[in-house]
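Colleague: Heads up: the sequence lines are chains E and U, in that order. The working numbering applies: residue 1 is where the first sequence begins, and numbers increase by one. The working numbering applies: residue 1 is where the second sequence begins, and numbers increase by one. Beta carbons: idealized from backbone N, C-alpha and C, even for Gly. This structure is a prediction, so every number in the text was calculated from the model and none was measured.
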Amino acid sequence: MSAGTGLSFRMKFYILENSMSKQRTRPIGRALNWGAVLTLIAAYAVGYAIRNREILPLLFEQAPEAAAMDKIRDHPLVLASEAPGQGPEAARYYTIGRAQGWGGPLSIGLCFNEEGRILQVLVLDHNETLPFYYRLEKKGFFEQFESRHVSEPLWPGEDVDTVTQATVSSEAFTEAIRQGSHVLGREIFGLELRERQPRWRIGLNEGFLVLLFVGAGISFLGKLRMVRYLVMAAAFFFLGFHLNASLSIGHFGSVLLGYVPHVVTHPFWWILVCGALLAAFILKRNLYCHALCPFGSLQELNSRISGSNLPVARGFIRVARALPYALTWLALIFVFLTSSPTSGAYEPFPTLFGLEGMEIQWLILASVILGSLFIKRFFCRFFCPVGIVLDLIVMARCRLGNLRKEKTECP
Amino acid sequence: MSLARDRLKQALGMVLIVATLALILVYFSGIL
Numbered sequence: 001m002s003a004g005t006g007l008s009f010r011m012k013f014y015i016l017e018n019s020m021s022k023q024r025t026r027p028i029g030r031a032l033n034w035g036a037v038l039t040l041i042a043a044y045a046v047g048y049a050i051r052n053r054e055i056l057p058l059l060f061e062q063a064p065e066a067a068a069m070d071k072i073r074d075h076p077l078v079l080a081s082e083a084p085g086q087g088p089e090a091a092r093y094y095t096i097g098r099a100q101g102w103g104g105p106l107s108i109g110l111c112f113n114e115e116g117r118i119l120q121v122l123v124l125d126h127n128e129t130l131p132f133y134y135r136l137e138k139k140g141f142f143e144q145f146e147s148r149h150v151s152e153p154l155w156p157g158e159d160v161d162t163v164t165q166a167t168v169s170s171e172a173f174t175e176a177i178r179q180g181s182h183v184l185g186r187e188i189f190g191l192e193l194r195e196r197q198p199r200w201r202i203g204l205n206e207g208f209l210v211l212l213f214v215g216a217g218i219s220f221l222g223k224l225r226m227v228r229y230l231v232m233a234a235a236f237f238f239l240g241f242h243l244n245a246s247l248s249i250g251h252f253g254s255v256l257l258g259y260v261p262h263v264v265t266h267p268f269w270w271i272l273v274c275g276a277l278l279a280a281f282i283l284k285r286n287l288y289c290h291a292l293c294p295f296g297s298l299q300e301l302n303s304r305i306s307g308s309n310l311p312v313a314r315g316f317i318r319v320a321r322a323l324p325y326a327l328t329w330l331a332l333i334f335v336f337l338t339s340s341p342t343s344g345a346y347e348p349f350p351t352l353f354g355l356e357g358m359e360i361q362w363l364i365l366a367s368v369i370l371g372s373l374f375i376k377r378f379f380c381r382f383f384c385p386v387g388i389v390l391d392l393i394v395m396a397r398c399r400l401g402n403l404r405k406e407k408t409e410c411p
Numbered sequence: 001m002s003l004a005r006d007r008l009k010q011a012l013g014m015v016l017i018v019a020t021l022a023l024i025l026v027y028f029s030g031i032l
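#1: Check the Cβ-Cβ distances between leucine 23 of chain U and every residue of chain E, and say whether any is below 8 Å.
#2: At a cut of 8 Å, does the stretch 264–277 of chain E reach the stretch 198–212 of chain E through at least three beta carbon pairs?
#3: So with CB distances below 7 Å, who are the chain E contacts of alanine 19 of chain U?
#4: Taking just the CA atoms, how far does leucine 40 of chain E sit from tryptophan 329 of chain E?
#5: Report yes or no: do the stretch 341–350 of chain E and the stretch 272–284 of chain E share at least 3 C-beta pairs separated by less than 8 Å?
#6: I want to verify the contact list: residues of chain U whose CB lies under 8 Å from the CB of phenylalanine 414 of chain E, in sequence order.
#7: Put threonine 39 of chain E into one of helix, strand or coil per three-state DSSP.
#8: Candidates E/Leu327, E/Ala166, E/Arg92, E/Tyr48: which alpha carbon is nearest methionine 69 of chain E's?
#9: Along the chain, where does the alpha helix (DSSP H) containing isoleucine 55 of chain E start, and where does it finish?
#10: Is it buried or exposed for leucine 8 of chain U, if we count other Cβ within 10 angstroms and need 16 for buried?
#11: What first and last residue would you give for the beta strand (DSSP E) that runs through arginine 92 of chain E?
#12: Does the count of Cβ pairs from the stretch 4–19 of chain U and the stretch 308–324 of chain E closer than 8 Å reach three?
#13: Under DSSP, the beta strand (DSSP E) around proline 153 of chain E begins and ends at which residues?
#14: Quick check on the burial criterion: 16 or more other C-beta atoms within 10 angstroms. Buried or exposed for methionine 26 of chain U?
#15: At a cut of 8 Å, does the stretch 54–64 of chain E reach the stretch 29–43 of chain E through at least three beta carbon pairs?
#16: Would tyrosine 44 of chain E pass as an interface residue toward chain U - the criterion being a Cβ-Cβ separation below 8 Å?
#17: Have a look at the DSSP bridge pairing and note the partners of leucine 106 of chain E.
#18: State the DSSP-derived secondary structure class of alanine 263 of chain E, mapped to helix, strand or coil.
#19: Applying the 10 Å Cβ sphere with the 16-neighbour rule, what's the burial state of glutamine 197 of chain E?
#20: So with Cβ pairs under 8 Å, would you call phenylalanine 316 of chain E a contact of chain U?
#21: Strictly below 8 Å CB to CB, what residues from chain U border tyrosine 346 of chain E?
#22: Closer than 7 Å by C-beta to tyrosine 380 of chain E: which residues in its own chain qualify, once you throw out the five before and the five after it? Chain order, please.
#23: Which residue spans inside the stretch 321–394 of chain E form an unbroken alpha helix (DSSP H) run of at least 4?
#24: Excluding the 5 residues preceding and the 5 following valine 160 of chain E in the sequence, name in chain order all residues of the same chain whose CB lies nearer than 6 Å to its CB.
#25: DSSP three-state label for glutamine 120 of chain E, please.
#26: Name the chain U residues whose beta carbon is nearer than 7 Å to that of alanine 80 of chain E?
#27: Can you tell me whether DSSP reads arginine 304 of chain E as helix, strand or coil?
#28: Using CA coordinates, which residue listed in E/Phe145, E/Glu171, E/Glu146, E/Ser147 is at the minimum distance from glycine 157 of chain E?
#29: Any idea what DSSP makes of alanine 80 of chain E, helix, strand or coil?
#30: Check whether chain E comes within 8 Å of leucine 3 of chain U, counting only Cβ atoms and requiring the distance to be less than that.
#31: Going by DSSP, name the residue or residues bridged to valine 160 of chain E.
#32: Determine the contact status of glycine 97 of chain E and glutamate 128 of chain E, defining contact as a CB-CB distance below 8 Å.
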């Protein structure tokens, strides 16, 4: 990534291609592009067909006794049973609550006793990034709901403790549990439980993120190197270690799958994703990769520390240049087939900044950090799907500008 | 000597890229 111009390596290659007097037809390239698009559409269709799978079988897997229960209500689901000969004190209830998490929809199964107290919380389905989910489990997030009564508000920050660096996931699971709990309170116990209307959650984090985008824009437009370094450092600590909220292929997967969180309750998500997309579309530059990506900042720092920039063999560079495109395609195939935005998120960002991850994710992180000591912006150049998506938007915008013969900012 | 050193550097770069790619593919195969 160039320090001053905001031009990625891919953009420079695109500019070189377009500066040639005649465009050569590359049938293999076109065939590959069409093949990629068609397979993505097919994967989306297959994923859509199985996306609206029944949640009930997932509940019966974890709680086989629920299969024999009577259905009191459908949406949200309430099941009830009374063990024969044991009286009302043996009554059991099951409900299912749903909410929109960071990575998509999630479903919770709840088991209640005859008094309306939660006996068990069952996570039936979710799309949260695994390091965040493991963090919730490790911090005992779900255990705090046991023995809670259906009349309790179950509101994050009031009577529910959220987990730091997994706040959005905490709140989403809490919402699903509250839904499942309150529906039982209303249906079986006749309680009047009013659900609160969501309020705008604009705070310091949202304000600081907007400032970062403004700073990145100023550094690019004014070609101010020191401002860029300042923004990179701030983003490294803020987006990286403080919030662990780097942009990921999972965000774009969420958009494409329609798993978009509510803007009122998740303004940060909206500012991050829309800010990066709009900057690419309006400024025709990949502002996020240029100055905001905390992982990109780390790689630049590594290469400056080592002072090394290994050359890549000429014959190999053609293959290496296609790698991030191929990996982005593969990630999106997984996202569409599983209908889970986080399934294709192979980037090591959450592993580094959240210090949570599977073994293979730690190995990928180690390999990338080692590579970034020897090759400048190692992950960005050869593996990052976020850069690909944003660069494609920039390229498409430039092409649109050329078609309309408008005075373009594209070089 | 200089040529050999350049070749070695290029080889090291390729090894790093291929190793990281292999790990990412292992990650995807784990999802399967």
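Modeller: Judging by the given coordinates:
#1: The residue given as residue 23 of chain U occupies position 23 in the second sequence. Leucine 23 of chain U counts as touching chain E.
#2: yes
#3: Walking along the second sequence from the start, residue 19 of chain U turns up at place 19. In chain order: Ser367.
#4: Position 329 of the first sequence, counted from the start, is the residue given in the question as residue 329 of chain E. Position 40 of the first sequence, counted from the start, is the residue given in the question as residue 40 of chain E. Using only the alpha carbons, I get a separation of about 8 Å.
#5: no
#6: Outside the displayed span of chain E (1 to 411) sits residue 414 of chain E, for which this structure offers no information.
#7: On the first sequence, position 39 is the one that residue 39 of chain E refers to. Residue state, collapsed to three classes: helix.
#8: Counting from 1 along the first sequence, the entry for residue 69 of chain E is found at position 69. When only C-alpha atoms are compared, the closest one is E/Arg92.
#9: Counting from one through the first sequence, the residue named residue 55 of chain E turns up at place 55. First-last for isoleucine 55 of chain E: undefined, no H or E at that position.
#10: As a first step, residue 8 of chain U is located in the second sequence; it is residue number 8 there, counting from the start. Looking at its Cβ environment, which holds fewer than 16 other Cβ atoms inside 10 Å, leucine 8 of chain U is exposed.
#11: Counting from one through the first sequence, the residue named residue 92 of chain E turns up at place 92. That run of the beta strand (DSSP E) goes 91–100.
#12: yes
#13: Position 153 of the first sequence, counted from the first residue, corresponds to residue 153 of chain E. Neither: proline 153 of chain E is in no beta strand (DSSP E) and is coded neither H nor E.
#14: Here the question's residue 26 of chain U lines up with position 26 in the second sequence. The identity of residue 26 of chain U in the sequence shown is valine, whereas the question assumes methionine. Classification of valine 26 of chain U: exposed, given that the 10 Å Cβ count is below 16.
#15: no
#16: Counted from its first residue, the first sequence places residue 44 of chain E at position 44. Not closer than 8 Å to any Cβ of chain U, the Cβ of tyrosine 44 of chain E fails to qualify, so no.
#17: For the purposes of this step, residue 106 of chain E is taken as the residue at position 106 of the first sequence. In DSSP, leucine 106 of chain E forms a bridge with E/Ala99.
#18: For this step, residue 263 of chain E is matched to residue 263 along the first sequence. Correcting the residue type first, residue 263 of chain E is valine in the shown sequence and not alanine. Note: valine 263 of chain E maps to coil in three-state DSSP.
#19: As a working mapping, residue 197 of chain E is identified with position 197 in the first sequence. Classification of glutamine 197 of chain E: exposed, given that the 10 Å Cβ count is below 16.
#20: Residue numbering aside, residue 316 of chain E sits at position 316 when the first sequence is read from its first letter. It does; some Cβ of chain U falls within 8 Å.
#21: The sequence position of residue 346 of chain E within the first sequence is 346, counting from 1. Correct list: Ile24, Tyr27, Phe28.
#22: The residue labelled residue 380 of chain E in the question sits at position 380 within the first sequence. One point to set straight first is that residue 380 of chain E is cysteine, not tyrosine, in the sequence displayed. Result list for cysteine 380 of chain E: Met1, Cys289, Gly296, Gln299, Gly387, in chain order.
#23: 349–354, 359–374, 378–382
#24: Translated into positions along the first sequence, residue 160 of chain E becomes position 160. Excluding positions up to five away in sequence, the list reads Leu154, Thr174.
#25: For the purposes of this step, residue 120 of chain E is taken as the residue at position 120 of the first sequence. It is a strand residue.
#26: Position 80 of the first sequence, counted from the start, is the residue given in the question as residue 80 of chain E. Within 7 Å Cβ-Cβ: nothing; alanine 80 of chain E doesn't reach chain U, min ~37 Å.
#27: Position 304 of the first sequence holds residue 304 of chain E. Three-state DSSP puts arginine 304 of chain E in a helix.
#28: The sequence position of residue 157 of chain E within the first sequence is 157, counting from 1. The shortest Cα separation from glycine 157 of chain E among E/Phe145, E/Glu171, E/Glu146, E/Ser147 belongs to E/Glu171.
#29: The residue given as residue 80 of chain E occupies position 80 in the first sequence. Note: alanine 80 of chain E maps to strand in three-state DSSP.
#30: As a first step, residue 3 of chain U must be located in the second sequence, where it is residue number 3. Leucine 3 of chain U does not count as touching chain E.
#31: Counting from one through the first sequence, the residue named residue 160 of chain E turns up at place 160. Valine 160 of chain E is bridged to E/Pro156.
#32: Along the first sequence, one-based indexing puts residue 97 of chain E at 97. Along the first sequence, one-based indexing puts residue 128 of chain E at 128. No, the Cβ-Cβ distance between glycine 97 of chain E and glutamate 128 of chain E is not below 8 Å.
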